[in-house]
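Take a look at the structure below.
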Amino acid sequence: MHPFLSLPRISKRAWKVWHRNLVVFLRTWKVNFFPPLVEAFLYLFAIGMGIGTYVKDIGGIPYINFIAPAILAIAVMNSAFFECTYGSYVRMYYQKSFDAMIATPLSIEDVIAGELLWGATRSVIYVIIMLPVLAAFGVISFPASLLVIPLAFLGGLMFAGIAMCFTAITPSIDTLNYPSFLLITPMMLFSGTFFPLTLLPVLFQDIALAVLPLTHLVAVMRMLTLPAISGLLILHVIWITLVTAIFCIISINLMRKRLII
Amino acid sequence: MSKHWLTGGARIQTIIEAQDLKKTFGEIRAVDGISFAVKKGEVFGFLGPNGAGKTSTMKIIACVSPRTSGKIQVLGMDPDCSPAEIKMRIGVVPQETNLDPDFTCYGNLFTYSRYFDIPPDAAQQKANELLEFVQLQEKKDVTVEKLSGGMKRRLILARALINNPDLLILDEPTIGLDPQARILIWERLKLLQAKGNTIVLTTHYLDEAARLCDRLVIMDNGKILVTGSPADLVKQYVGNEIVEVEKTDEVISCLVANNIPYEIIGDSVQIATESSREVIRILFDHCSPHKVLTRPATLEDVFLKLTGRKLRE
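Top to bottom, those sequences are chains A and B. Here this note's numbering is used: position 197 in the first sequence is 246, and no number is missing along the way. Here this note's numbering is used: position 312 in the second sequence is 1704, and no number is missing along the way.
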């Protein structure tokens, strides 16, 4: 097997890295809890009510209800992705935190696994803060929408893994702008988020389903919040799980290659 | 601590043992087949110019960089096989300051203690003790960014002691510090030494090495040139004393005529000798010197003699 796909040895010490990040996050909780609230309101007003005035419904679903799961999915993507690109890069390169940690019983595999788990946790925290806002607007249904919380962890882990691969190979913090603008922004727009995937030409639909991870996350989120659960849910979750596993493993091996010389 | 199966609980006397240790980065041989042994309770120094391979050696000992070949045992274990077990029992002061800027002084120590599975109560007590040990108790709740360079190095020393290490590894512990801060670090290291700690350090401050080390090696180009105690090395490679004379053609031709070996450094001539009296007598009798100075030979003379005077990058 290719060395980048070999299974890294991770110990439960990875949670100590996760814990360290959680402590820092909670210490500045006021700053950290504010953006998800604001973001939920902004999207709901600007797109839901603004555009929603013209686009009454999509296939019988009120437009604001249609975009509510997309708002959650985008939040999952952004919080994990930016945590494990810029956040992890700063800790690795500028703060030398990884160097300090691997001088202790932690291995580099533990450190990166902890960072990935933390990225996923940030997605969960973001979603938990957004859910009451969406509930207050009456645009998501309960109890099925509560399943969005564990889904946020899985989806968060996927984007954390993808992000960490970029962090492992980026020559500088500036070059992290490329994946942000060339991958994350298009994904935010063309993954069945603000308009159905079926409006795209068939070829693009296929491409979106094949390579845009957000497509699958939005699809599952939407099934849960409407709710409109179908058998396809399983396929989407399997796709997400596989991609998550592959990218997390590759990212840890790439980071080992970068940092252990 | 559980008894070792092999020694039946007897104290292991050799803390580090390396044989033909090598580390290569592509074509560069950073560590080129070195062998050494560090005994329990000794302060062991690695000296050498920049790029000699000191830091690479430290990283192999600290289990953060795998060796290319050769053998090494740290605390009776192989860094390739048991890195977590070794790292549990060592403390590392890295060359680069890598304190966690998201935390206070106390927070840095407490957070670090968790990586060693130290229970919170014990960690709290230990962190306070160590802040006192490095005289930072007043800065306990200050974020590390607000500390001076010397305070940061002291905090890193405290951090390295959080797990009561059996072996302390210091890579340039006093680099970039003012004399006061260096003296404080030296005092603390002397205290640790007195308590029986085993310490391995790298430095290119030769006064620091002479002051602290029981034994040391001088490295250059990845190889160990000499091993010994500072005093023995000085005696063996230089002699007791150095006589420095202002460089004039007359002095030089006179030294040559009297068969006295010398070395020219800048605008002075240096003569290493067992007895400066004899040399000075000859100088004044035959050479009409301008300025003459006698001083004890130091580790710096050994160092420069062995590694040359060419500037290193």
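We put the CB at the ideal spot given by N, CA and C, even for glycine. What you are looking at is a predicted structure, and each value in this text was computed from that prediction instead of being measured.
{"Check": "Under 9 Å between C-beta atoms of A:R171 and A:F74", "Outcome": "yes"}
{"Check": "Residue nearest to B:H1682 in terms of C-alpha spacing, selected from B:V1534, B:E1636, B:N1555 and B:T1619", "Outcome": "B:E1636"}
{"Check": "Segment contact flag, the stretch 1575-1585 of chain B with the stretch 1404-1422 of chain B, C-beta cutoff 8 Å, min 3 pairs", "Outcome": "no"}
{"Check": "Residues within the stretch 147-174 of chain A neighbouring chain B, beta-carbon criterion of under 8 Å", "Outcome": "D148, A149, M150, I151, A152, T153, P154, L155 and S156"}
{"Check": "Proximal residues to B:Q1405 (C-beta, below 8 Å), its chain only, five neighbours per side dropped", "Outcome": "K1431 and K1432"}
{"Check": "Min CB distance B:Y1597 to chain A below 9 Å", "Outcome": "no"}
{"Check": "Short CB-CB distance (under 9 Å) between A:H265 and chain B", "Outcome": "no"}
{"Check": "Proximity test, Cβ basis, 9 Å: A:V72 and chain B", "Outcome": "yes"}
{"Check": "Residue-chain proximity (A:Q144, chain B), Cβ-Cβ < 9 Å", "Outcome": "yes"}
{"Check": "Below-9 Å beta-carbon distance, A:K306 vs any chain B residue", "Outcome": "no"}
{"Check": "Which listed residue (B:V1671, B:P1557 and B:D1494) has its alpha carbon closest to that of B:I1652", "Outcome": "B:V1671"}
{"Check": "Neighbour list for B:P1512 in chain A, Cβ cutoff strictly below 7 Å", "Outcome": "Within 7 Å Cβ-Cβ: nothing; B:P1512 doesn't reach chain A, min ~12 Å."}
{"Check": "Partners in chain B for A:R69, counting only beta-carbon separations shorter than 7 Å", "Outcome": "T1503"}
{"Check": "DSSP three-state assignment for B:G1445, whether helix, strand or coil", "Outcome": "coil"}
{"Check": "Residues of the stretch 1485-1499 of chain B with Cβ closer than 9 Å to any Cβ of chain A, in chain order", "Outcome": "P1486, E1488, T1489, N1490, L1491, D1492, P1493, D1494, F1495 and G1499"}
{"Check": "Other residues of its chain near A:L211: CB distance less than 6 Å, five sequence neighbours each side excluded", "Outcome": "The question names Leu, yet the displayed sequence has Ile at residue 211 of chain A. Contacts found: F296."}
{"Check": "Closest residue to B:S1667 among B:P1688, B:D1677, B:A1515 and B:G1658 (Cα-Cα distance)", "Outcome": "B:P1688"}
{"Check": "Inter-residue CB distance, B:L1528 and B:C1497 (contact presumed, cutoff 8 Å)", "Outcome": "6 Å"}
{"Check": "is_contact[B:R1506, chain A] using C-beta, thresh 9 Å", "Outcome": "yes"}
{"Check": "Whole-number beta carbon distance between B:I1482 and B:I1554, since they are thought to touch under 8 Å", "Outcome": "With 8 Å as the limit, B:I1554 and B:I1482 do not qualify as a contact, their Cβ atoms being about 12 Å apart."}
{"Check": "Distance, B:Q1516 Cα to B:L1608 Cα", "Outcome": "36 Å"}
{"Check": "Those residues which DSSP pairs with B:I1561 across a bridge", "Outcome": "B:V1484 and B:V1592"}
{"Check": "Helix, strand or coil at B:A1410 [DSSP, three-state]", "Outcome": "strand"}
{"Check": "Contact with chain A by B:K1479, beta-carbon distance below 9 Å", "Outcome": "yes"}
{"Check": "For A:T224: DSSP bridge partner residues", "Outcome": "In the DSSP output, where bridge partners are listed per residue, A:T224 has none listed."}
{"Check": "Local Cβ density within 10 Å of A:N114, reported as buried at 16 or more and exposed below that", "Outcome": "buried"}
{"Check": "Rounded separation between B:K1371 and B:L1584 - CA only", "Outcome": "Nothing can be reported for residue 1371 of chain B, as the shown portion of chain B is limited to 1393 through 1705."}
{"Check": "DSSP state of A:T77 mapped onto helix, strand, coil", "Outcome": "coil"}
{"Check": "Opposing strand residues paired with B:Q1662 [DSSP bridges]", "Outcome": "B:E1636 and B:E1655"}
{"Check": "B:L1608 (DSSP reduced to helix, strand or coil)", "Outcome": "strand"}
{"Check": "8 Å Cβ cut-off: residues of chain A touching B:S1457", "Outcome": "I309 and I310"}
{"Check": "CB contact flag (A:L121, A:L166, <9 Å)", "Outcome": "no"}
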